[in-house]
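I have placed the structure first, in the form of structure tokens, so that the comments after it can refer back to it.
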Amino acid sequence: MVTAILNPLVQEVLDLIGIFAFALSGALLAVRKRFDIVGIVVLAEVTALGGGVFRDLVIGAVPPVAFTDLSYFGTPLIAAVAVFFWHPRLARIRRFVLFFDAIGLGVFCVAGSVKALNYGMEPWATIALGAATAIGGGAIRDVLAGEIPALLHPESEIYAVPALLGSAIVALLAITGTLTPITSAIAALLAVVVRLLALRYGWRAPLARGSL
Amino acid sequence: MVTAILNPLVQEVLDLIGIFAFALSGALLAVRKRFDIVGIVVLAEVTALGGGVFRDLVIGAVPPVAFTDLSYFGTPLIAAVAVFFWHPRLARIRRFVLFFDAIGLGVFCVAGSVKALNYGMEPWATIALGAATAIGGGAIRDVLAGEIPALLHPESEIYAVPALLGSAIVALLAITGTLTPITSAIAALLAVVVRLLALRYGWRAPLARGSL
Amino acid sequence: MVTAILNPLVQEVLDLIGIFAFALSGALLAVRKRFDIVGIVVLAEVTALGGGVFRDLVIGAVPPVAFTDLSYFGTPLIAAVAVFFWHPRLARIRRFVLFFDAIGLGVFCVAGSVKALNYGMEPWATIALGAATAIGGGAIRDVLAGEIPALLHPESEIYAVPALLGSAIVALLAITGTLTPITSAIAALLAVVVRLLALRYGWRAPLARGSL
Numbered sequence: 001m002v003t004a005i006l007n008p009l010v011q012e013v014l015d016l017i018g019i020f021a022f023a024l025s026g027a028l029l030a031v032r033k034r035f036d037i038v039g040i041v042v043l044a045e046v047t048a049l050g051g052g053v054f055r056d057l058v059i060g061a062v063p064p065v066a067f068t069d070l071s072y073f074g075t076p077l078i079a080a081v082a083v084f085f086w087h088p089r090l091a092r093i094r095r096f097v098l099f100f101d102a103i104g105l106g107v108f109c110v111a112g113s114v115k116a117l118n119y120g121m122e123p124w125a126t127i128a129l130g131a132a133t134a135i136g137g138g139a140i141r142d143v144l145a146g147e148i149p150a151l152l153h154p155e156s157e158i159y160a161v162p163a164l165l166g167s168a169i170v171a172l173l174a175i176t177g178t179l180t181p182i183t184s185a186i187a188a189l190l191a192v193v194v195r196l197l198a199l200r201y202g203w204r205a206p207l208a209r210g211s212l
Numbered sequence: 001m002v003t004a005i006l007n008p009l010v011q012e013v014l015d016l017i018g019i020f021a022f023a024l025s026g027a028l029l030a031v032r033k034r035f036d037i038v039g040i041v042v043l044a045e046v047t048a049l050g051g052g053v054f055r056d057l058v059i060g061a062v063p064p065v066a067f068t069d070l071s072y073f074g075t076p077l078i079a080a081v082a083v084f085f086w087h088p089r090l091a092r093i094r095r096f097v098l099f100f101d102a103i104g105l106g107v108f109c110v111a112g113s114v115k116a117l118n119y120g121m122e123p124w125a126t127i128a129l130g131a132a133t134a135i136g137g138g139a140i141r142d143v144l145a146g147e148i149p150a151l152l153h154p155e156s157e158i159y160a161v162p163a164l165l166g167s168a169i170v171a172l173l174a175i176t177g178t179l180t181p182i183t184s185a186i187a188a189l190l191a192v193v194v195r196l197l198a199l200r201y202g203w204r205a206p207l208a209r210g211s212l
Numbered sequence: 001m002v003t004a005i006l007n008p009l010v011q012e013v014l015d016l017i018g019i020f021a022f023a024l025s026g027a028l029l030a031v032r033k034r035f036d037i038v039g040i041v042v043l044a045e046v047t048a049l050g051g052g053v054f055r056d057l058v059i060g061a062v063p064p065v066a067f068t069d070l071s072y073f074g075t076p077l078i079a080a081v082a083v084f085f086w087h088p089r090l091a092r093i094r095r096f097v098l099f100f101d102a103i104g105l106g107v108f109c110v111a112g113s114v115k116a117l118n119y120g121m122e123p124w125a126t127i128a129l130g131a132a133t134a135i136g137g138g139a140i141r142d143v144l145a146g147e148i149p150a151l152l153h154p155e156s157e158i159y160a161v162p163a164l165l166g167s168a169i170v171a172l173l174a175i176t177g178t179l180t181p182i183t184s185a186i187a188a189l190l191a192v193v194v195r196l197l198a199l200r201y202g203w204r205a206p207l208a209r210g211s212l
């Protein structure tokens with residue numbers, strides 16, 4: 001049985017913000033790789049919807065909302081066209097990819113966790129799924145573009161930690177009955193800010209001995 | 001509720017033609033990469049069935065037909081063995097990979113769309129899924145073989161466009177009640193021909209500014 | 001309808017042994033690639049759970065057990081932390097990756113086949129799925145780490161064959177009504193031993209002509 005623990009409209013707004021941000025990151029990476037308009041659209045769609053489709057299949061939300069709600073599928077298209085015409089100079093794109101990816105990360109870990117809770121997943125599984133929804137799209141984007149996922153790359157600033165943080169806060173809020181549109185927005189903002197701070201100050205996770 | 005909008009036998013024939021063609025493309029690429037017989041079989045199976053398994057999971061056709069109908073799983077095996085013994089000289093393989101991939105592309109976008117419609121997906125989602133079924137297997141094949149998917153590669157001739165075209169035609173035929181074995185075969189042929197013409201005449205999609 | 005053809009406790013023990021082994025292989029590869037602790041944990045989790053999640057989605061076991069049983073998700077975490085603190089010198093890691101990967105391979109092809117049979121899959125599909133469960137996690141691990149899957153690499157000793165062997169034995173045991181904890185453990189051991197012998201004696205599958 002599916003119960004909405006958060007106003008469905010708020011859920012959808014969060015989803016679409018995350019989708020738009022991730023789509024921008026995917027489209028920008030495609031431009032940097034000199035893909036054509038079709039490649040730009042495909043990378044935007046896959047980055048934006050990949051994590052959500054995986055989450056929906058795992059929790060049993062079939063067909064995934066990406067294939068039943070046209071705004072989910074259409075939003076990345078808009079982002080791709082916008083990037084095609086108004087992208088920054090190629091040299092500056094990497095910063096933009098990381099920025100929009102951070103927004104998508106933070107918003108999605110909250111939206112993904114809420115949806116998992118709606119479908120009756122346990123709190124620990126919710127944290128795992130929320131984080132997976134947030135980092136999955138970016139990982140698929142990087143693999144398709146021929147790169148090691150930023151998630152794993154040793155040079156990368158912490159990536160999964162902000163996502164896990166956001167999802168954990170949502171699980172905590174839900175357990176204590178304090179999950180509201182305001183508190184979930186704050187959780188998303190927190191995750192985004194932690195990731196952006198990590199990018200700004202070079203926060204990295206420890207390496208195993210011998211790796212330096 | 002699942003309704004067959006096209007004669008199920010025609011559906012299966014289309015599916016198997018697409019599976020055989022994609023399996024040939026996967027097996028040939030494996031030979032060119034000097035994989036052994038097992039790698040050839042695996043790449044043939046994954047290329048041939050990957051898109052369909054994804055589509056079936058999304059529309060809720062579980063278990064995917066690839067795991068319930070032995071002809072779906074056995075056909076790529078035949079293709080792989082045939083390629084193992086009778087493949088062209090390595091230098092000429094690339095053209096054959098592209099040729100069989102074009103056939104699989106055109107046939108699958110039609111077969112995939114029809115199946116999505118059977119399961120009640122809306123027309124826009126059907127077009128997206130039909131195209132995804134057609135391009136998915138080839139993308140997985142390229143990633144496993146260590147290449148950037150032809151779908152995205154800037155040097156590639158238009159790839160997703162013929163798939164979207166075939167799927168869109170099927171959606172249109174279904175809406176107007178004119179979907180028959182003949183018209184769906186024509187749609188598949190059209191998609192195959194557009195892709196082959198694109199290969200022949202070098203039709204490419206536009207790049208974003210600064211990419212040239 | 002789901003029937004347990006093998007004692008569920010034995011099933012779970014087999015699953016967790018395979019999960020732990022695959023997690024070790026993933027964590028070790030991550031250390032060798034100099035990923036940080038987060039990358040080590042992620043690669044351990046994905047390698048350990050990837051094949052099982054795919055299998056569960058295909059047979060309709062939703063949500064996949066990886067997201068409903070905390071021991072499935074927690075075991076790779078333990079393996080990752082253990083590797084982070086106690087890994088061998090980087091130069092010797094490759095042998096350990098291959099060793100633990102062999103254990104995971106043998107155990108998973110049996111555990112995966114049994115679960116597929118529980119869900120009513122036919123014997124041929126069970127063999128395919130058992131093998132897919134066993135080789136899937138390793139393939140995802142290699143792709144995420146930026147390598148061509150060992151499964152496909154021409155230099156690799158036979159990889160899918162031991163997995164298919166183990167799955168086939170399980171299917172045979174099930175059909176003849178002789179599947180017990182003892183016989184399934186023997187099947188797993190056999191698959192592991194075949195893979196380890198292949199590594200030891202360099203057993204490779206034949207290449208297509210012109211590939212040498």
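Protein sequence lines correspond, in order, to chains A, B and C.
Position 170, counted from 1, in the first sequence is what UniProt numbering calls 170; the numbers after and before it change by one each time, with no gaps.
Position 130, counted from 1, in the second sequence is what UniProt numbering calls 130; the numbers after and before it change by one each time, with no gaps.
Position 138, counted from 1, in the third sequence is what UniProt numbering calls 138; the numbers after and before it change by one each time, with no gaps.
Even for Gly, the Cβ is constructed at its ideal location relative to N, Cα and C.
Short CB-CB distance (under 8 Å) between L57/A and chain B:
yes
Report the rounded CA-to-CA distance for F99/B versus F85/B, giving the unit in angstroms.
19 Å
Out of T126/C, A80/C, P88/C and L70/C, state which residue places its alpha-carbon closest to the alpha-carbon of P63/B.
T126/C
For V110/A versus A188/A, is the C-beta distance shorter than 8 Å?
yes
So V10/B is in the alpha helix (DSSP H); what residue range does that whole segment cover?
P8 to R32
On the three-pair Cβ rule with 8 Å, is the stretch 118-125 of chain C touching the stretch 64-81 of chain B?
yes
Between A131/A and F54/A, how many whole angstroms is the CB-CB distance? I'm expecting something under 8 Å.
Between F54/A and A131/A the Cβ distance is about 12 Å, and since that is not below 8 Å, they are no contact.
Taking the alpha helix (DSSP H) that S156/A falls in, what are its first and last residues?
Per DSSP, S156/A belongs to no alpha helix (DSSP H) and is neither H nor E.
Chain-order list of residues whose beta-carbon lies under 6 Å from that of S113/B (same chain, five-residue window excluded)
T126, G130, S167 and V170
Provide the residue span of the alpha helix (DSSP H) that contains R94/C, from first to last.
I93 to N118
Compute the Euclidean distance between the alpha carbons of residue 238/C and T183/A, then round it to the nearest angstrom.
Residue coverage of chain C in this structure runs from 1 to 212, which leaves residue 238/C outside it and unanswerable.
Ordered list of beta strand (DSSP E) runs contained in the stretch 160-196 of chain B, each at least 3 residues
none
Quick check: the stretch 17-36 of chain C against the stretch 187-203 of chain A, are at least 3 beta-carbon pairs closer than 8 Å?
no
Under 8 Å between C-beta atoms of V42/B and L6/C
no
Identify every residue that forms a DSSP beta bridge with D36/A.
L207/B
Supposed contact pair L29/A and V97/A - C-beta distance, whole angstroms, cut 8 Å
5 Å
For A128/A, return the contacting residues in chain C, with the cut-off set at a CB-CB distance below 8 Å.
F67 and F73
Which residues mark the beginning and the end of the alpha helix (DSSP H) in which D142/C is found?
P123 to L144
Are the C-beta atoms of H153/A and some chain B residue less than 8 Å apart?
no
Which residues in the same chain have their Cβ closer than 8 Å to the Cβ of G137/C, if we skip the five residues on either side of it in sequence?
F22, G26, V46, T47, A48, L49, G50, G51, G52, G104 and F108
Quick one: which chain B residues come within Cβ less than 7 Å of G146/A?
I148
Candidates I158/B, A208/B, T178/B and T180/B: which alpha carbon is nearest V193/B's?
I158/B
When you compare the CB positions of M121/B and I59/B, do they come within less than 8 Å of one another, or not?
yes
Integer-rounded CB distance, given that I93/A should sit under 8 Å from V31/A:
6 Å
Interface residues of chain C around L43/B at Cβ under 8 Å?
L152
Please state whether DSSP places D69/C in a helix, a strand or coil.
coil
According to the neighbour-count rule (16 or more other Cβ atoms, all chains shown, within 10 Å of its Cβ), is T75/A buried or exposed?
buried
Cα-Cα separation, P149/B to A139/B
5 Å
Looking only at its own chain, which residues have a Cβ that is under 7 Å from the Cβ of T3/B, when we skip the five neighbours before and after it?
N118
For A80/C and I40/B, which I take to be in contact (beta-carbon distance under 8 Å), what is that distance rounded to the nearest angstrom?
Actually they are not in contact, since the Cβ atoms of A80/C and I40/B sit about 34 Å apart, beyond 8 Å.
Given that a residue counts as buried once 16 or more other Cβ atoms are within 10 Å of its Cβ, and exposed if not, what is L9/C?
exposed
Can you say whether R89/C is buried or exposed, counting buried as having 16 or more other CB atoms within 10 angstroms of its CB?
exposed
Confirm, please, whether the CB-CB distance from A134/B to residue 251/B is below 8 Å.
Any question about residue 251/B goes unanswered here, given that chain B covers just 1 to 212.
Length of the line joining the Cα atoms of L57/A and D56/B:
11 Å
Going along the chain, which residues of the stretch 184-211 of chain C sit with their C-beta nearer than 7 Å to a C-beta in chain A?
none
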